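Enquirer: Chains as they are written, first to last, in UniProt numbering: chain A, 1 to 237; chain B, 1 to 237; chain C, 1 to 237; chain D, 1 to 237; chain E, 1 to 237; chain F, 1 to 237.
C-beta atoms are modelled at their ideal positions from N, C-alpha and C, and glycine is treated no differently.
Predicted model, so just to flag it, every value in this text is computed and none were measured.
6 protein chains.
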Amino acid sequence: MRPSGRTAQQIRPVTITRNYTRHAEGSVLVEFGETKVLCTASVERGVPRFLKGKGQGWVTAEYGMLPRATHTRSDREAARGKQGGRTVEIQRLIGRSLRACVDLSALGENSITIDCDVIQADGGTRTASITGACVALVDALNWMRKLNMVKSNPLKGLVAAISVGIVNGVPVADLDYAEDSTAETDMNVVMTEAGKFIEVQGTAEGEAFSIEEMQEMLELARHSIRELMDIQKAALN
Amino acid sequence: MRPSGRTAQQIRPVTITRNYTRHAEGSVLVEFGETKVLCTASVERGVPRFLKGKGQGWVTAEYGMLPRATHTRSDREAARGKQGGRTVEIQRLIGRSLRACVDLSALGENSITIDCDVIQADGGTRTASITGACVALVDALNWMRKLNMVKSNPLKGLVAAISVGIVNGVPVADLDYAEDSTAETDMNVVMTEAGKFIEVQGTAEGEAFSIEEMQEMLELARHSIRELMDIQKAALN
Amino acid sequence: MRPSGRTAQQIRPVTITRNYTRHAEGSVLVEFGETKVLCTASVERGVPRFLKGKGQGWVTAEYGMLPRATHTRSDREAARGKQGGRTVEIQRLIGRSLRACVDLSALGENSITIDCDVIQADGGTRTASITGACVALVDALNWMRKLNMVKSNPLKGLVAAISVGIVNGVPVADLDYAEDSTAETDMNVVMTEAGKFIEVQGTAEGEAFSIEEMQEMLELARHSIRELMDIQKAALN
Amino acid sequence: MRPSGRTAQQIRPVTITRNYTRHAEGSVLVEFGETKVLCTASVERGVPRFLKGKGQGWVTAEYGMLPRATHTRSDREAARGKQGGRTVEIQRLIGRSLRACVDLSALGENSITIDCDVIQADGGTRTASITGACVALVDALNWMRKLNMVKSNPLKGLVAAISVGIVNGVPVADLDYAEDSTAETDMNVVMTEAGKFIEVQGTAEGEAFSIEEMQEMLELARHSIRELMDIQKAALN
Amino acid sequence: MRPSGRTAQQIRPVTITRNYTRHAEGSVLVEFGETKVLCTASVERGVPRFLKGKGQGWVTAEYGMLPRATHTRSDREAARGKQGGRTVEIQRLIGRSLRACVDLSALGENSITIDCDVIQADGGTRTASITGACVALVDALNWMRKLNMVKSNPLKGLVAAISVGIVNGVPVADLDYAEDSTAETDMNVVMTEAGKFIEVQGTAEGEAFSIEEMQEMLELARHSIRELMDIQKAALN
Amino acid sequence: MRPSGRTAQQIRPVTITRNYTRHAEGSVLVEFGETKVLCTASVERGVPRFLKGKGQGWVTAEYGMLPRATHTRSDREAARGKQGGRTVEIQRLIGRSLRACVDLSALGENSITIDCDVIQADGGTRTASITGACVALVDALNWMRKLNMVKSNPLKGLVAAISVGIVNGVPVADLDYAEDSTAETDMNVVMTEAGKFIEVQGTAEGEAFSIEEMQEMLELARHSIRELMDIQKAALN
């Protein structure tokens with residue numbers, strides 16, 4: 001029995017609220033249970049210096065956690081003067097995952113910046129971020145199409161992400177904080193609509209994991225992500 | 001006629017939602033029209049080094065704006081590696097205003113950090129922050145009293161804040177972004193329940209202002225802040 | 001009786017020494033009693049990026065305090081790697097105040113940087129800075145006119161600044177350090193030659209202040225600033 | 001046929017040179033073909049603040065690349081004033097992997113810092129780092145045992161790491177730079193002596209990968225890591 | 001003939017004004033012609049961490065240049081967020097030179113920080129700094145003796161410094177900016193009262209210099225420093 | 001008798017290994033006894049902003065020490081976020097010394113960056129760096145000539161450097177760490193093939209030094225540098 005009373009393969013209630021704020025081209029509040037992340041997609045003309053003149057666009061992501069999104073207050077990164085290692089790691093993962101959704105050539109020399117800001121944290125912030133950000137990205141791409149900033153649709157398909165892990169020897173999906181902090185293994189999986197992998201990041205926090213455990217976790221992830229994509233699609237319709 | 005259709009002395013609809021997030025000792029979402037700020041109050045035992053052993057507490061504030069809270073995306077301060085001058089100026093104002101609410105000796109050697117994070121900006125973020133933060137602070141102080149962290153009630157009274165300004169020659173209260181960006185003068189006023197001033201910061205953005213205009217603006221502020229305090233009190237009951 | 005033996009409305013002896021250093025286009029040592037600030041105005045062709053091609057100029061200010069300008073040594077900001085919040089707040093105030101003196105369009109695409117460096121501090125460094133910087137700015141503008149860098153005179157008029165406050169219940173002008181550290185209220189006022197306000201920043205350090213106290217303080221400020229402008233004009237002739 | 005002429009499962013020639021420098025408690029030069037990394041293990045008494053008094057030790061890692069370890073010179077991170085995102089990501093991976101080797105309680109309140117500095121890069125620097133650092137760590141632990149700094153042996157077993165990927169549709173092991181820059185998928189795998197996983201980080205650089213491809217890659221990794229462990233053991237005898 | 005009309009061995013008029021500012025334990029304005037540096041010595045109880053409990057004191061120095069001390073304005077180091085290489089190099093030289101004056105054991109666990117801030121620059125700022133700072137240091141040590149913070153006199157003797165160089169093939173003393181910017185060789189020499197060397201830093205800016213030229217420069221330096229010490233002694237009496 | 005058993009004028013065994021790494025245009029491992037420094041020269045088209053359009057090139061240097069190059073681990077400068085004062089001082093010395101080798105006009109608008117990274121330290125890292133970097137620079141210049149990036153040979157001649165000092169009252173050449181840490185005086189000398197001085201930096205660590213001692217040290221340096229140049233020339237043939 002999981003602390004939340006869920007079954008091993010059961011994910012938390014997920015809600016995706018579009019147009020959550022008014023200025024961004026895409027703005028989504030994603031909730032995985034008590035984890036709440038605001039994902040905005042901002043369109044800007046032009047590309048970073050390293051891409052100038054190459055006829056393609058760019059998608060990047062930044063991640064932040066409000067200081068009191070967590071049980072105890074953590075330092076504000078802007079005040080400390082640098083982003084922590086965990087933040088850097090997460091925003092690089094989000095960025096890579098979203099670039100996998102987009103045909104950068106079809107985007108033209110335009111940039112989309114995804115901001116994922118955690119309002120409240122209860123485990124799984126990075127996977128919620130990716131899942132919500134994908135919807136914000138779709139809204140931003142549609143906005144661009146209305147303005148004829150892009151000719152063809154740059155979207156290659158949806159991506160979504162889930163955390164899976166081994167807690168007390170049992171593979172479970174969508175760990176909350178209570179589980180995450182005691183898990184033997186924690187794995188974040190990002191997948192495409194076609195059921196293929198974009199990112200797999202598994203870490204043995206306590207015990208090393210076997211190939212059989214890995215397969216079980218991947219299976220759980222595949223199943224959960226299909227559910228998440230249904231929710232994404234429902235939100236987009 | 002103001003862009004929003006409001007009369008000169010009319011403030012925007014203000015809502016104060018307590019317990020907006022679950023971890024902080026005080027957590028308030030304050031809305032002044034389309035301006036939305038999340039204010040959390042975090043209690044920690046101990047005080048900063050400069051106060052150690054003086055038998056008093058500390059209240060401080062930090063302010064941040066989500067990158068896409070505004071019309072165009074602004075750089076993430078954590079990524080740039082420093083807080084901008086405007087941010088620093090605002091968080092110092094919020095901190096001073098809230099310290100005026102609290103008897104620091106009665107607080108004991110405990111610290112309260114107020115985080116004001118702007119989810120969506122439409123003018124008046126600093127006055128909304130102070131008004132909402134005061135309510136979060138009250139909740140945090142009550143939490144401390146329940147735990148017997150304080151003996152007597154450290155609260156000296158509520159504070160609230162409003163912006164007033166001169167737009168097209170007319171003094172108006174609670175400027176939104178459309179007005180703020182064209183105002184000749186912009187003044188932020190922080191007051192106590194007793195109707196006295198904690199902070200007055202008036203800036204001539206365009207034309208210098210006369211003492212008569214200043215008095216009109218202060219009068220508007222006094223009136224609006226009385227309204228805000230009614231809303232604060234209603235939220236607290 | 002004030003610690004310095006001055007009457008409530010009496011400012012300290014003020015001296016303004018032009019051409020204090022030799023390289024800057026404007027260089028003024030301003031002394032408000034024992035407070036001594038070196039104000040230099042540096043002219044550079046070109047404007048910051050955000051103004052490029054708009055056909056107007058820019059005036060900005062930076063403020064610093066020598067580490068041992070004060071009773072106890074404070075850290076050198078260059079060594080600590082960042083400017084403190086108080087520094088940022090002050091230099092923004094100085095910059096805004098001086099921009100109010102100048103018709104930025106008449107300045108052409110040129111920049112003037114005002115550096116205010118406190119050699120010795122005894123209260124009132126920000127108001128002394130503004131008062132002295134205005135004279136340095138006038139010298140720099142005259143230097144530009146001699147070189148035909150500007151066609152018409154960009155100067156809109158002088159500005160000067162004074163601190164006023166309430167000490168032991170009595171409104172007084174031009175607080176020195178002894179008064180400043182015990183004042184209930186501290187207000188910095190910046191005015192134009194026409195007797196109008198550019199900036200008013202009042203802070204209740206201890207007790208909140210009433211509207212009547214505010215009016216008394218503004219009256220004191222108006223009177224003192226008229227004196228300061230006489231001294232500015234005498235220095236400029 | 002791979003650019004290097006290797007078969008799909010063939011790793012590059014690997015050499016591990018112990019005592020490469022003289023001051024560190026463990027010092028290893030590890031070479032995976034043309035990739036050369038100096039791994040040192042430094043023992044210090046005491047632990048970071050967050051572990052004080054908990055009766056356990058700490059193992060952490062830092063990673064750096066000499067500016068001209070690569071084809072074109074990259075900026076020196078010390079001169080730029082911050083470590084890049086890639087560096088942060090890698091050193092966190094190395095640190096986690098090595099902590100998996102060590103019983104932190106048996107280490108006592110002592111710290112071991114692993115520095116992995118890339119002298120020459122040709123792909124696979126992070127997996128070479130982990131493989132070499134493990135040997136340096138063993139040497140440092142043995143040094144501690146000789147000095148009776150630890151009572152029992154804190155080593156839980158060896159770890160080693162390999163990169164695997166899909167290049168031109170074919171799963172291959174130990175990618176060099178030429179392959180790495182064209183790979184569709186790149187996966188870094190860290191394993192224990194018992195053949196279990198510590199970390200799996202797979203990224204679709206181009207095409208998303210299927211579960212079958214993933215399994216093939218994991219199989220390759222398992223095989224290669226067994227080879228690496230033989231080389232580690234030979235070096236340690 | 002030198003640009004200033006001086007003979008080869010003639011130094012600029014040097015003045016040393018003690019008690020230039022009022023807060024520091026030692027405060028000296030030193031002028032070498034148009035070069036003007038404010039040197040303050042600040043006494044603090046306690047020593048940096050690396051000296052704690054060793055029963056000795058510390059003397060260190062910081063150097064800064066006001067942004068418009070020079071012909072064209074240079075960036076404020078506090079605003080840029082770091083001290084430049086030249087600044088670091090100079091303040092280390094000043095610190096080492098002054099530590100050579102003082103018996104650190106006799107100083108007890110106290111620290112003296114010397115701040116050298118260049119008000120106006122015309123070449124030779126580092127040598128003027130050392131020469132002036134030595135006098136400020138003597139004043140601070142005397143202040144300590146009056147307060148019985150030290151038992152015996154920590155002063156080992158005066159130090160002074162001069163720049164010498166080769167300009168148009170001729171060795172000259174005390175280069176001003178006009179000469180400094182065209183010198184083939186520039187050498188800074190720091191000496192004790194006993195006529196011995198503390199620091200010699202010679203740099204070939206253009207042509208390498210011979211041992212004979214070096215000897216001529218050292219001879220010039222020795223002669224000039226004797227003059228400077230007479231001026232230091234006159235200032236101290 | 002010196003700790004190493006060397007005679008006063010005897011330098012440590014010096015080896016210069018060219019092409020030590022494969023990517024840099026010049027790559028040299030230089031060893032002065034147990035001191036080992038990797039010196040790479042990287043050629044880039046273009047010059048820093050301050051030289052643009054002046055028709056000349058630039059040579060600069062950066063210096064770093066691997067964290068465990070020394071007896072006890074020192075912080076990684078990239079992790080601390082800034083280069084230390086000693087590092088800055090050394091890399092400026094190396095840069096100036098190497099610019100003395102090169103006719104910057106003949107270099108065209110190209111830049112050469114010399115990176116000196118200390119793999120293992122045992123005293124004399126800055127002089128070893130200069131001596132090795134000069135050979136790497138020659139290799140890079142030859143590479144440029146082969147590619148016709150330069151028309152004439154920009155090399156003006158070799159430079160080499162040695163440390164000399166006074167240990168237990170005796171002038172000695174090429175101090176190792178054991179001597180360096182107890183030396184009364186430490187002097188670094190950089191010379192040209194023609195036997196002239198580029199840099200002389202002498203510091204009294206303990207006792208001030210006389211002009212006679214200085215002459216003895218310079219004589220030792222001259223003799224040692226002649227030996228070093230023979231080794232440089234042998235390595236280049």
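Residues of chain D with a CB under 8 Å from the CB of Met214 (chain A): which are they?
Expert: Correct list: Phe197, Val200, Leu218.
Enquirer: Taking C-beta to C-beta, are Ala61 (chain C) and Gln91 (chain C) nearer than 8 Å?
Expert: Cβ atoms of Ala61 (chain C) and Gln91 (chain C): closer than 8 Å.
Enquirer: Is there contact between the stretch 40-50 of chain A and the stretch 139-147 of chain A, where contact requires at least three CB pairs shorter than 8 Å?
Expert: Yes: at least three Cβ pairs fall under 8 Å.
Enquirer: Does the ligand COA have even one heavy atom less than 7 Å from the beta-carbon of Val59 (chain F)?
Expert: By its list of ligands, the structure shown contains no ligand whatsoever, and the ligand COA lies outside what it can speak to.
Enquirer: Rounded to whole angstroms, what is the Cα-Cα separation between Thr15 (chain D) and Ser152 (chain D)?
Expert: Rounded to the nearest angstrom, the two C-alpha atoms are 30 Å apart.
Enquirer: Quick one: does Thr131 (chain E) have its CB under 8 Å from some CB of chain C?
Expert: No, Thr131 (chain E) lies away from the interface with chain C (no Cβ there is under 8 Å from its Cβ).
Enquirer: Just grab the DSSP bridge partners of Trp58 (chain C) for me.
Expert: Note: Trp58 (chain C) sits in a beta bridge opposite C:Ser111.
Enquirer: Starting from Glu34 (chain A), find everything on chain B with Cβ-Cβ shorter than 8 Å and list it in chain order.
Expert: Residues of chain B passing the Cβ test: Arg22.
Enquirer: Compare the C-beta of Ile166 (chain B) with all C-beta atoms of chain C and state if any pair is closer than 8 Å.
Expert: Judged by the 8 Å Cβ criterion, Ile166 (chain B) is not in contact with chain C.
Enquirer: Go through the UniProt domain "Exoribonuclease phosphorolytic" (10-140) of chain B residue by residue and report every complete run of the alpha helix (DSSP H) that reaches 4 residues or more, in order.
Expert: Correct list: 77-80, 85-99.
Enquirer: Check Leu220 (chain D) in the structure and name its three-state DSSP category.
Expert: Here Leu220 (chain D) sits in helix by DSSP.
Enquirer: Suppose you measure from the CA of Ala8 (chain F) to the CA of Phe209 (chain F); what does that come to, to the nearest Å?
Expert: Each residue's alpha carbon lies about 18 Å from the other.
Enquirer: His71 (chain D): which of D:Asp122, D:Ala106, D:Leu38 sits nearest, CA to CA?
Expert: For His71 (chain D), the nearest C-alpha among the options comes from D:Asp122.
Enquirer: List, in chain order, every chain D residue whose beta-carbon is nearer than 7 Å to that of residue 244 (chain A).
Expert: Any property of residue 244 (chain A) remains undetermined from this structure, which presents chain A solely from 1 to 237.
Enquirer: Going by Cα to Cα distance, which pick from F:Ser163, F:Pro154, F:Asn148 is closest to Met187 (chain F)?
Expert: Checked all of F:Ser163, F:Pro154, F:Asn148; the closest Cα to Met187 (chain F) is F:Ser163.
Enquirer: Using alpha carbons as the reference points, say which of A:Leu29, A:Ser74, A:Cys101, A:Met144 lies closest to Ile114 (chain B).
Expert: Minimum Cα distance to Ile114 (chain B) is reached at A:Ser74.
Enquirer: Got a sec, what are the start and stop residues for the alpha helix (DSSP H) Glu179 (chain E) sits in?
Expert: Here the alpha helix (DSSP H) through Glu179 (chain E) covers 177-180.
Enquirer: When you compare only the Cα positions, how much space is there between Leu107 (chain B) and Val150 (chain B)?
Expert: Straight-line Cα distance between these residues: approximately 6 Å.
Enquirer: With a threshold of 6 Å on Cβ separation, who are the neighbours of Leu158 (chain C) within its own chain once the five nearest residues in sequence on each side are excluded?
Expert: Cys134, Glu193, Met229, Gln232.
Enquirer: Give a yes or no on whether 8 Å exceeds the smallest Cβ distance from Lys82 (chain A) to chain B.
Expert: By this cut-off, Lys82 (chain A) is an interface position.
Enquirer: Suppose you measure from the CA of Glu199 (chain A) to the CA of Ile211 (chain D); what does that come to, to the nearest Å?
Expert: The straight-line gap from Cα to Cα measures roughly 12 Å.
Enquirer: Determine the chain H residues that contact Ala208 (chain E) at a beta-carbon separation under 8 Å, and present them in chain order.
Expert: Within the model displayed, chain H is absent; protein chains A, B, C, D, E and F are what it includes.
Enquirer: Could you spell out where the beta strand (DSSP E) holding Asn188 (chain B) opens and where it closes?
Expert: Element bounds for Asn188 (chain B): 185-192.
Enquirer: Tell me whether the stretch 23-33 of chain A and the stretch 94-101 of chain A touch, counting them as touching only if at least three CB pairs, one residue from each stretch, are closer than 8 Å.
Expert: Cβ pair count under 8 Å is below three, so no.
Enquirer: Along chain A, which residues have their Cβ under 8 Å away from the Cβ of residue 239 (chain D)?
Expert: Because chain D is modelled from 1 through 237, residue 239 (chain D) falls outside the range shown and cannot be assessed.
Enquirer: Who are the neighbours of Glu62 (chain D) on chain F, taking C-beta pairs under 9 Å?
Expert: Near Glu62 (chain D) (Cβ distances below 9 Å), the residues of chain F are Pro67, Arg76, Ala78, Ala79.
Enquirer: Step through the CB atoms of chain B and report whether any lies within less than 8 Å of the CB of Ser42 (chain A).
Expert: Output row for Ser42 (chain A): interface = yes.
Enquirer: Name the chain F residues whose beta carbon is nearer than 8 Å to that of Leu38 (chain D)?
Expert: Neighbours of Leu38 (chain D) on chain F, chain order: Leu66, Ile119.
Enquirer: Whose CA, out of C:Arg22, C:Gly124, C:Glu109, C:Arg76, lies closest to the CA of Ile11 (chain C)?
Expert: The option with the nearest alpha carbon to Ile11 (chain C) is C:Gly124.
Enquirer: Taking all protein chains shown into account, do 16 or more other C-beta atoms lie within 10 angstroms of the C-beta of residue 258 (chain C), making it buried, or fewer, making it exposed?
Expert: With chain C running from 1 to 237 in the structure shown, residue 258 (chain C) is simply not present.
Enquirer: On the DSSP letters alone, give me the boundaries of the beta strand (DSSP E) that Ser210 (chain B) sits inside.
Expert: Ser210 (chain B) -> no beta strand (DSSP E), and no H or E assigned at all.
Enquirer: Along chain B, which residues have their Cβ under 9 Å away from the Cβ of Ile211 (chain C)?
Expert: Those are Gly195, Lys196, Phe197, Gln215, Leu218, Glu219, Arg222, listed as they occur along chain B.
Enquirer: In this structure, how does DSSP classify Glu205 (chain D) when only helix, strand and coil are distinguished?
Expert: Three-state DSSP puts Glu205 (chain D) in coil, outside helix and strand.
Enquirer: Within 8 Å (strictly less), CB to CB, does Arg49 (chain A) reach chain D?
Expert: So, not an interface residue.
Enquirer: Between Gln56 (chain A) and the rest of its own chain, which residues show a CB-CB distance below 8 Å, the 5 nearest in sequence each way excluded?
Expert: Excluding positions up to five away in sequence, the list reads Val47, Leu104, Ser105, Leu107, Gly108, Glu109.
Enquirer: How long is the line joining the alpha carbons of residue 269 (chain C) and Leu29 (chain C), rounded to whole angstroms?
Expert: In the structure displayed, chain C extends from 1 to 237; residue 269 (chain C) sits before or after that span and is not available.
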